[in-house]
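**Student:**
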Amino acid sequence: MLLEQDLALPGHVDVRHREMTRTESPAVAAGPPLADADDSALVRAFQAGRTDAFELLVERHRRSVYQLCFRFVGSHEDAADLVQDVFVRAFKGLARFKGESSVRTWLYRVSVNVSLNRVAARRHPTEPLDAVEPADTRAVHPLDTLVRGEQQAQVRRAVARLPPKQRATLVLRVYQELDYEEIAAILGGSVGAAKANFFHALASLKRQVLP
Amino acid sequence: MTHHLTPEETIAAIERTLEPARAAHLDGCEPCRREVVDLGGVLTAVRAADEPAEPSPLFWDHMTARVRDAVHSGGSPARAAWGRFWQPLVGLAAAAAVLMWIAGRAPQAPAQPPATGSAVVADAGAAPPAEAPWDAVMELAAGLSLDEVHRAVPLRLDNAVLFDELSAEEQAALAELLDSELRGLE
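Protein chains in written order, with the numbering used here: chain A, 1 to 211; chain B, 212 to 397.
In structure tokens, the structure reads:
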């Protein structure tokens with residue numbers, strides 16, 4: 001029988017014990033508490049039939065997955081769709097997960113893939129990288145919030161126009177603050193290639209946003 | 212004279228992890244130093260351009276319900292466990308019950324319960340369909356304890372009533388309110 005604290009989700013009325021008693025099979029309900037288990041243990045529990053372990057994985061990673069997706073698509077609506085897609089794919093693939101990378105790395109890899117696919121589907125096929133207008137630095141003033149906001153928007157547009165792998169590397173390194181080993185694991189390739197992608201992303205942005 | 216910094220070394224220099232031997236080159240090489248300064252400036256601009264995305268807490272409830280639905284519709288073996296993703300709606304039911312209590316327990320209820328509130332009527336007899344969202348909410352709401360309501364809604368509930376203490380008309384009004392909220396979540 002699951003203990004209530006195993007299934008606790010903050011901010012919700014905890015009636016799960018009653019709900020689980022009503023709906024869950026004995027095989028799923030049996031087992032030790034999961035709330036304090038690490039990700040690997042949750043994966044093993046899921047693969048052993050504890051489907052409630054997946055809910056804990058969702059709860060742990062949903063925020064960072066959402067933020068990663070948002071940084072690719074730039075809208076709540078799209079990010080909401082993508083994060084749902086990521087976790088549905090994860091649910092379907094978790095039974096085959098072999099633990100060769102961390103759960104986070106695996107989820108990020110799925111997130112990057114679905115995000116880049118969404119971006120690619122929307123991008124104008126003939127829009128060249130050079131189409132980005134250079135920054136109008138004449139208007140920049142350190143105390144001018146509006147100008148600063150526009151400059152930041154211009155940087156975001158420039159980032160959005162980077163080649164997919166450069167953009168993904170930049171997002172994972174700068175915003176998700178991952179090390180190069182994990183970026184290489186997510187995107188495929190070597191650590192050196194990840195650093196080179198990062199360099200080329202910054203160099204491309206330099207051409208676009210600096211005078 | 213040593214060769215200029217490679218891309219990897221340039222990144223290392225920006226991140227202050229460049230090995231000392233190459234740092235010596237950087238000190239004496241104006242083109243490399245300028246490149247590091249420029250790209251470091253770009254990196255600062257990229258960091259400043261971030262738009263941290265933080266959705267509403269309600270979004271997570273909705274998202275987990277949507278994932279549950281998507282998995283459920285795929286015929287997943289986890290359908291029983293995902294049933295608990297209706298749990299956030301229990302808070303909604305509790306909140307609605309409290310709202311009714313605040314309104315003085317005298318709502319302008321319709322003469323007949325709305326069609327979507329059939330579970331209220333069904334409590335007296337007919338069994339509701341097992342997987343209808345509304346029925347699931349009503350089933351959970353009917354079993355709420357006062358403590359559970361209190362945890363879901365941070366208000367004084369000294370005079371609150373449990374769902375099964377409501378009159379038929381009050382239950383119908385609550386059904387209508389909850390149905391309206393559920394439609395808003397869809």
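We treat Cβ as the ideally placed atom computed from N, Cα and C, and that holds for glycine. Values in this document were obtained by computation on a predicted structure and should not be read as measured data.
#1: Does the ligand FAD have a heavy atom nearer than 7 Å to the CB of Ala-224 (chain B)?
#2: Taking 8 Å as the threshold (beta carbon to beta carbon), is Glu-219 (chain B) in contact with chain A?
#3: Per DSSP, what kind of secondary structure is Gly-93 (chain A) in: helix, strand or coil?
#4: With H, G and I counted as helix, E and B as strand and the rest as coil, what does DSSP make of Cys-240 (chain B)?
#5: Closest by CA to Phe-97 (chain A), which one among A:Ala-48, A:Pro-33, A:Ala-193, A:Val-171?
#6: Any beta-carbon of chain A closer than 8 Å to the one on Val-247 (chain B)?
#7: Could you work out which residue in A:Leu-107, A:Asp-39, A:Ala-80 is closest to Gly-93 (chain A) when comparing CA atoms only?
#8: Straight-line CA distance for Val-28 (chain A) to Arg-50 (chain A)?
#9: Is Pro-242 (chain B) close to chain A, meaning its C-beta is less than 8 Å from at least one C-beta of that chain?
#10: Would you mind telling me which residues of chain A sit closer than 8 Å to Leu-250 (chain B), beta carbon to beta carbon, in chain order?
#11: Note down, in chain order, each residue of its chain lying with its Cβ closer than 7 Å to the Cβ of His-200 (chain A), except the 5 sequence neighbours on either side.
#12: Beta-carbon within less than 7 Å of Ser-190 (chain A)'s beta-carbon, same chain only, minus the 5 sequence neighbours each way: which residues are those?
#13: Can you tell me whether Lys-165 (chain A) is helix, strand or coil according to DSSP?
#14: Who are the Cβ neighbours of Thr-221 (chain B) in its own chain at under 8 Å, not counting the five residues just before and after it?
#15: Under 8 Å between the Cβ atoms of Ala-264 (chain B) and Ala-153 (chain A)?
#16: Taking Ala-260 (chain B) and Arg-71 (chain A) to be in contact with their CB atoms under 8 Å, please state how far apart those CB atoms are, rounded to whole angstroms.
#17: Less than 6 Å between C-beta atoms, sequence neighbours within five positions excluded: which residues of the same chain meet that for Leu-172 (chain A)?
#18: Helix, strand or coil: which one does DSSP assign to His-214 (chain B)?
#19: Does chain B have any CB closer than 8 Å to the CB of Arg-62 (chain A)?
#20: From the DSSP output, in three-state form, read off Pro-263 (chain B) for me.
#21: Following the continuous alpha helix (DSSP H) through Glu-181 (chain A), name the residue where it begins and the one where it ends.
#22: Could you list which residues in chain A have their beta carbon closer than 9 Å to that of Leu-269 (chain B), in chain order?
#23: What residues from chain B crowd round Phe-72 (chain A), counting only those whose CB sits closer than 8 Å?
#24: List the endpoints of the continuous alpha helix (DSSP H) containing Glu-59 (chain A).
#25: What would DSSP say about Ser-356 (chain B), mapped onto helix, strand or coil?
#26: Rounded to the nearest angstrom, how far is the Cβ of Val-110 (chain A) from that of Arg-89 (chain A), given a contact under 8 Å?
#27: Looking at the structure shown, is Leu-229 (chain B) part of a helix, part of a strand, or coil, going by DSSP?
#28: In whole angstroms, what separates the C-alpha of Ala-194 (chain A) from that of His-215 (chain B)?
#29: Taking all protein chains shown into account, decide if Glu-230 (chain B) is buried (16 or more other Cβ within 10 angstroms of its Cβ) or exposed.
#30: Are Ala-160 (chain A) and Val-209 (chain A) close, meaning C-beta to C-beta below 8 Å?
#31: Kindly list, in the order they appear in chain B, the residues whose Cβ is closer than 8 Å to that of Arg-156 (chain A).
#32: At least one CB of chain B closer than 8 Å to the CB of Gly-192 (chain A): is that the case?
#33: Does Ala-37 (chain A) come out as helix, strand or coil in the three-state DSSP assignment?
#34: Given that a residue counts as buried once 16 or more other Cβ atoms are within 10 Å of its Cβ, and exposed if not, what is Ser-204 (chain A)?
#35: Count the other CB atoms within 10 Å of the CB of Ala-256 (chain B); is the residue buried (16 or more) or exposed (fewer)?
#36: Out of A:Val-112, A:Asp-81, A:Ser-40, which has the shortest C-alpha to C-alpha gap to Gly-100 (chain A)?
**Tutor:** In brief:
#1: Because no ligand of any kind appears in the structure shown, any question about the ligand FAD cannot be addressed here.
#2: yes
#3: helix
#4: coil
#5: A:Ala-48
#6: no
#7: A:Leu-107
#8: At Val-28 (chain A), the pLDDT of 46 sits below 50, so the modelled position is not reliable and the matter cannot be decided from this model.
#9: no
#10: Phe-199, Leu-202, Ala-203, Lys-206
#11: Gln-166
#12: Ala-184
#13: helix
#14: Cys-243, Glu-246, Val-247, Leu-250
#15: no
#16: Contact doesn't hold; Cβ gap of about 11 Å is too wide.
#17: Leu-178, Ile-183
#18: coil
#19: yes
#20: coil
#21: 180-187
#22: Result: empty, since nearest Cβ-Cβ is about 10 Å, beyond 9 Å.
#23: The contacting residues do not exist; Phe-72 (chain A) stays about 11 Å from chain B at best.
#24: 52-73
#25: With a pLDDT of 48 at Ser-356 (chain B), under the threshold of 50, the modelled position of this residue cannot be trusted; read the value that follows with caution. In this structure, Ser-356 (chain B) counts as coil in the three-state DSSP scheme.
#26: 5 Å
#27: coil
#28: 20 Å
#29: exposed
#30: no
#31: Ala-260, Glu-262
#32: yes
#33: coil
#34: buried
#35: buried
#36: Checking the sequence, you will find Glu at residue 100 (chain A) rather than Gly. Considering only alpha carbons, the answer is A:Ser-40.
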